[in-house]
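The working numbering puts the first residue of the sequence shown at 6, with every later residue one more than the last.
Every residue, glycine too, gets a C-beta built ideally from N, C-alpha and C.
For clarity, every value in this text was computed on a predicted model and none was experimentally measured.
Worksheet: one structure, shown below.
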Amino acid sequence: ARDISNRIKTRISVEDPSSGGAKTQDPEAYRAYLKGLFYFNKRAQKDYPKAIDYFQEAINKDPNLTLAYVGKANALAFW
Numbered sequence: 006a007r008d009i010s011n012r013i014k015t016r017i018s019v020e021d022p023s024s025g026g027a028k029t030q031d032p033e034a035y036r037a038y039l040k041g042l043f044y045f046n047k048r049a050q051k052d053y054p055k056a057i058d059y060f061q062e063a064i065n066k067d068p069n070l071t072l073a074y075v076g077k078a079n080a081l082a083f084w
């Protein structure tokens, strides 16, 4: 069992938990993501399109910023 456990551990890569999926080298992308999150968290129908636009801006600036995709999907679902 220990041998199998050691083999499995070497195959699993874990993202840094402190990043929360927000790894980006582009501060503008992260700023756009945060603005999207701000409008999404207002939970008002009029603010969801703004949130979607900001999440899309973050995606355009850094396509690897996974939280922006999640935010956009959530905003679209709530809108």
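Pairwise C-alpha distance: residue j and residue i
i: residue 51; j: residue 79; result: 15 Å
i: residue 72; j: residue 38; result: 8 Å
i: residue 82; j: residue 49; result: 13 Å
i: residue 42; j: residue 64; result: 13 Å
Cβ-Cβ distance between residue i and residue j below 7 Å
i: residue 8; j: residue 34; result: no
CB contact below 7 Å: residue i versus chain D
i: residue 50; result: No chain D is present in this structure, which holds just one protein chain.
Endpoints, alpha helix (DSSP H) assigned at residue i
i: residue 71; result: 71-83
i: residue 63; result: 53-66
i: residue 36; result: 32-45
Nearest to residue i (by Cα), restricted to the options the options
i: residue 31; options: 40, 58, 45, 70; result: 70
heavy atom of the ligand FAD below 6 Å from residue i C-beta
i: residue 55; result: With respect to small molecules bound, the structure shown includes none, and the ligand FAD cannot be examined in it.
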